[in-house]
Amino acid sequence: GILSKQVTVAPGNGALGLPGTIGTVLLSKAATGEPELLLDGASFTAWRTAAAAALATAQLAPQNARRAVLFGCGTQAETQLIGLMSARPLEEILVIGRTEEAANRFIERCKAQHASLLEALTVPALRAGTFRPSWLRSADIVVTATTSPTPLFTLDDLSPGTHVAAIGGFRPGMIEFDPALACAADAFVESRTVAAEESGELIAAVEQGHCTPEDWTEFGTVLAGNHPGRRRDEDITLFKSVGHAAFDLFAARALADLPA
């Protein structure tokens, strides 16, 4: 098939109750150009990204992971929450937003829309509050779903064995985590080439001399059985996602092929 995706990023949309990413996705037949599927770009991107991060978490996070920290309160964060709970039987998730009010609104929305899922996975509490580094030290999984231009946490805030899924930043000016993490962790990306062009954190890590793109592992090698993924319990693992056109095409194709 042929996929075209038109997306506008509008950071101020949150104040209007709208997704920060607005757009459309069109899947057409390769042979004739006939349209097959028209999708809302924001929802499609959020769910596709969440699926990729959940798959990476299932492969890379500690098997006994029970506590997670989620940075972000937008559309991406909501789908990441669902993906998180499908990857591990979490007992507590700490949600951190720009304000406590934003985090509380996000939690109430998630409870209202996904109550049965939250109950089925026995998540007893989602808490909100202003960030404190100590919260990260007891987390098994950290997910960032923001467009922050500065690191949300440092390498020293993490405990050995933590898995980090950084999915919010997709431009060089966005830096959600300390670039030094790219060297200290086993770093996994969708594509080395794309990550080196679009990940603000990894670009900074290379410029600061922490690592080179050859130090990153393409996640597909784990799925193909050519890389073990997490090697030791105490290793910090990092999955950095900036999106990839091929994944958009695969996801749209899968949706189009679903039974009517």
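Residue numbers (the working numbering): 27 to 286. No residue lacks a Cβ here, since even glycine has one placed at the ideal position from N, Cα and C. These numbers come from a predicted model, not from an experiment.
key: Sub-7 Å separation of Gly-67 and Gly-46 beta-carbons   = Here residue 67 corresponds to residue number 41 of the sequence shown, with the count starting at 1. Here residue 46 corresponds to residue number 20 of the sequence shown, with the count starting at 1. Their beta carbons are not under 7 Å apart, which means Gly-67 does not touch Gly-46 by this criterion.
request  = Flag Ala-76 as yes when its Cβ comes closer than 6 Å to any non-hydrogen atom of the ligand GTP, and as no otherwise.
outcome  = With respect to the ligand GTP, the structure shown offers nothing to examine, as it has no ligands at all.
task = May I ask you to report which of helix, strand or coil DSSP gives Leu-268?
result = Within the sequence shown, residue 268 is the residue found at index 242, counting from 1. For the sequence presented, residue 268 should be read as Val rather than Leu. Coil, per DSSP.
key: DSSP three-state assignment for Ile-108, whether helix, strand or coil   = What you label residue 108 is simply residue 82 of the sequence shown in a count that begins at 1. Of the three classes helix, strand and coil, the one that applies to Ile-108 here is helix, per DSSP.
key: Pro-205, buried or exposed, once every other Cβ within 10 Å from all chains shown has been counted against 16   = Position 179 of the sequence shown, counting from 1, holds the residue named residue 205. Its Cβ being crowded by 16 or more others within 10 Å, Pro-205 is buried.
message = By the three-class DSSP mapping on this structure, what secondary structure does Phe-276 have?
response = Locating residue 276 in the sequence shown gives position 250, where the first residue counts as 1. In this structure, Phe-276 counts as helix in the three-state DSSP scheme.
inquiry  = Quick check on the DSSP output: the alpha helix (DSSP H) that includes Glu-118 runs from which residue to which?
reply    = Working through the sequence shown from its first residue, we reach residue 118 at position 92. Not the alpha helix (DSSP H): Glu-118 falls in the beta strand (DSSP E), residues 118-122.
query = Under a Cβ-count criterion, where at least 16 other Cβ atoms within 10 Å of its own Cβ denotes burial, should Glu-60 be classed as buried or exposed?
reply = One-based indexing of the sequence shown puts residue 60 at position 34. By the 10 Å Cβ count, Glu-60 comes out exposed.
message = Considering Cα atoms alone, identify which of Ala-82, Val-51, Gly-27 and Ala-41 is closest to Thr-34.
response = One-based indexing of the sequence shown puts residue 34 at position 8. Per the Cα distances, Val-51.
request  = Evaluate contact between the segment 181-195 and the segment 238-249, counting only Cβ atoms and requiring at least three cross-stretch pairs below 8 Å.
outcome  = no
query = Going straight from the alpha carbon of Thr-105 to that of Trp-73, what length do you get?
reply = Within the sequence shown, residue 105 is the residue found at index 79, counting from 1. Within the sequence shown, residue 73 is the residue found at index 47, counting from 1. Each residue's alpha carbon lies about 6 Å from the other.
query = From Val-268, Ala-129 and Leu-181, pick the residue whose C-alpha is nearest to that of Arg-218; which is it?
reply = Residue mapping note: residue 218 aligns to position 192 of the sequence shown, counting from 1. Minimum Cα distance to Arg-218 is reached at Val-268.
Between the CA atoms of Thr-180 and Phe-203 - distance to the nearest angstrom = Reading the sequence shown from its first residue, position 177 is the one you call residue 203. Reading the sequence shown from its first residue, position 154 is the one you call residue 180. Going from the Cα of Phe-203 to the Cα of Thr-180 covers about 7 Å.
message = For the beta strand (DSSP E) containing Gly-49, name the first residue and the last one.
response = Position 23 of the sequence shown, counted from the start, is the residue given in the question as residue 49. 47-54 is the span of the beta strand (DSSP E), which, as asked, contains Gly-49.
task = For Asp-182, name the three-state secondary structure that DSSP assigns.
result = For the purposes of this step, residue 182 is taken as the residue at position 156 of the sequence shown. DSSP places Asp-182 in helix when its eight states are reduced to three.
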